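> These protein sequences, in sequence, are chains R and P.
Residue 1 is where the first sequence starts when you use my numbering, and the numbers rise one by one after that.
Residue 235 is where the second sequence starts when you use my numbering, and the numbers rise one by one after that.
My questions will all concern the structure given below.
There are 2 protein chains.
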Amino acid sequence: MAQEDINSLLVANARAGRFVARLKGGDPFVFGRGAEEVLACLRAGVAVTVVPGVSSVAAVPAAAGIPLTHRGIAQEFHVAAGHVAPDDERSSVNWRALASSPATLVLLMATEHLGAVADALIRYGRDPRTPVSVIADGTLPSQRTISTRLDTVARDVAHAAIGPPAVVVVGEVVTVSEQITELCGGLAAAAPWGTFVPADHYGNGTASSRDSKADREEGPRTGTAPAPGAAAND
Amino acid sequence: MAQEDINSLLVANARAGRFVARLKGGDPFVFGRGAEEVLACLRAGVAVTVVPGVSSVAAVPAAAGIPLTHRGIAQEFHVAAGHVAPDDERSSVNWRALASSPATLVLLMATEHLGAVADALIRYGRDPRTPVSVIADGTLPSQRTISTRLDTVARDVAHAAIGPPAVVVVGEVVTVSEQITELCGGLAAAAPWGTFVPADHYGNGTASSRDSKADREEGPRTGTAPAPGAAAND
């Protein structure tokens, strides 16, 4: 459905006296066209409340053990959509500026043009060995993670037959998830729901994230979660 | 409390057989040191589940009517902490790269060094007239928003006596919130909770966000919210 038709539907239903909830996957103001819908409603005399959401920008990397910032590694992060190639006239992303930034780079909708994006970053000066992680189906039971480098990511993604939806993280923070994976016996970063189980959790050095969920829920665990006033999960 | 002491507390309580919930304001992996705590727990043999949260990065601008991306305006955004000045040796942020980027720039913890940050961006080439919005106490009843320009933001923030916590948004997306404010009779962007009420909502062109919350909850409204499976509010 075209965006204009969605706007019309929202306005028509609100004017008919209905309380309209427009649900988005993720955050409505992060690649969500939420402000377009707010403007359309206000122009039609309809009041709007925007409820922020959990964006895949941070939630999907977290599910793979990748922080967007980490002391001594990254104090900043950059989020861009890669749904148009760097040389496409519709792209306004300044890949040259990105290549020279030490910031963690998060790419959404980027699998299709990943080769061209990686090439552009390398051409503009980013180290070809920069760690890259690609998380497909993030937070779902089918979640898969590939950890590789900027110069080989396109080949590896093609080889693993990874397609949308996927989140791509470029930067040294990927090495944090590699530490987490190692502590979990090599498999933890592939576990969905951001659950990480240390290899010596059962005292024999062999447990891994492949254990059943029920097994994993035994024993002491620690949850790192947002405060209740700030957010919640579903 | 020092981060190491927090880590020790988490581990000690988990080892004592307790289910430990470590609550964060915002997202644990966005300037939250969440991964440091995960690593500390895993090294101690303690399993961890990370629950993503709603970060102030997007939620606070949304509460002021500012989308981080908007078609035709910005396809990318950059998030940096401004708690150390650009010329401080502890800063790893590449302000030069940021100045040449068309991305929306979100600054956290930036009010103290805002003058130095704005000067650096202008010195490296960013237009001094770039729109800037500063949102203090975002999403709280005491929320205040200042919309200004890069070359005057430090003066305006000092004049308004705005201090932490505040989120600073630099970029053309600020003009979207100005459109929203205008449609709401000039006051909407000051309304907390991301509620925007059009000036002609009651048919007389005089209603504004200063109306009581009870008044505002009458009549047709539209909620732009994340889908239930992706997020929730409290």
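For every residue, glycine included, the Cβ atom is placed at its ideal position computed from N, Cα and C.
All values derive from a computational prediction rather than experimental measurement.
(1) Is it right to say Gly359/P is buried, meaning 16 or more other beta carbons lie within 10 angstroms of its own, or is it exposed?
(2) When you compare only the Cα positions, how much space is there between Ile414/P and Val264/P?
(3) Report buried or exposed for Phe77/R, applying the criterion of at least 16 other Cβ atoms within 10 angstroms of its Cβ.
(4) Evaluate contact between the segment 357-371 of chain P and the segment 295-308 of chain P, counting only Cβ atoms and requiring at least three cross-stretch pairs below 8 Å.
(5) Report yes or no: is there a C-beta of chain P within less than 9 Å of the C-beta of Glu89/R?
(6) If you run the structure through DSSP and keep just helix, strand and coil, what is Ser335/P?
(7) At least one CB of chain P closer than 9 Å to the CB of Ile122/R: is that the case?
(8) At the 9 Å Cβ level, is Asp239/P part of the contact set with chain R, yes or no?
(9) What is the rounded straight-line gap between the Cα of Thr49/R and the Cα of Thr152/R?
(10) When you compare the CB positions of Ala295/P and Val431/P, do they come within less than 9 Å of one another, or not?
(11) Do you know offhand how far Thr139/R's Cα is from Ala47/R's?
(12) Indicate whether at least one CB of chain R lies closer than 9 Å to the CB of Thr303/P.
(13) In the DSSP assignment, find the unbroken alpha helix (DSSP H) run with Ile240/P in it and report its ends.
(14) In chain P, which residues lie less than 8 Å from Gly171/R when you measure between Cβ atoms?
(15) Can you give the beta carbon distance from Ala40/R to Asn13/R, rounded, assuming they're within the 8 Å contact cut?
(16) Give the straight-line distance between the Cα atoms of Ser334/P and Asp27/R, rounded to the nearest whole angstrom.
(17) State the DSSP-derived secondary structure class of Ser147/R, mapped to helix, strand or coil.
(18) If I measure Cβ to Cβ from Asp127/R and keep anything under 8 Å in the same chain, skipping five residues before and after, which residues do I get?
(19) Indicate the three-state DSSP secondary structure (helix, strand or coil) for Ala310/P in the structure shown.
(20) May I ask you to verify whether the segment 70-85 of chain R touches the segment 140-149 of chain R, counting CB pairs closer than 8 Å and requiring at least 3?
(21) Given a threshold of 16 other Cβ atoms within 10 Å of its Cβ, counted over all protein chains shown, does Ser18/R qualify as buried or as exposed?
(22) Tell me where the beta strand (DSSP E) around Pro131/R begins and ends.
(23) Which chain R residues sit within Cβ distance under 7 Å of Ser289/P?
(24) Does Asp127/R have its Cβ less than 9 Å from a Cβ in chain P?
(25) Can you tell me which of Arg123/R, Gly34/R, Val11/R puts its alpha carbon nearest to the alpha carbon of Pro52/R?
(26) Count the other CB atoms within 10 Å of the CB of Asp321/P; is the residue buried (16 or more) or exposed (fewer)?
Based on what the coordinates show:
(1) exposed
(2) 28 Å
(3) buried
(4) yes
(5) no
(6) coil
(7) no
(8) no
(9) 44 Å
(10) Ala is not the amino acid found at residue 295/P; the sequence shown has Pro there. No.
(11) 33 Å
(12) yes
(13) 237-249
(14) In chain order: nothing, as chain P lies at least about 12 Å away.
(15) Actually they are not in contact, since the Cβ atoms of Ala40/R and Asn13/R sit about 12 Å apart, beyond 8 Å.
(16) 27 Å
(17) strand
(18) Leu150
(19) Reading the sequence as shown, one finds Glu at residue 310/P and not Ala. Glu310/P: strand per DSSP, three-state reduction.
(20) no
(21) In the sequence as displayed, the identity of residue 18/R is Arg instead of Ser. Answer is exposed; the Cβ neighbour count stays below 16.
(22) 131-136
(23) Ala58
(24) no
(25) Gly34/R
(26) exposed
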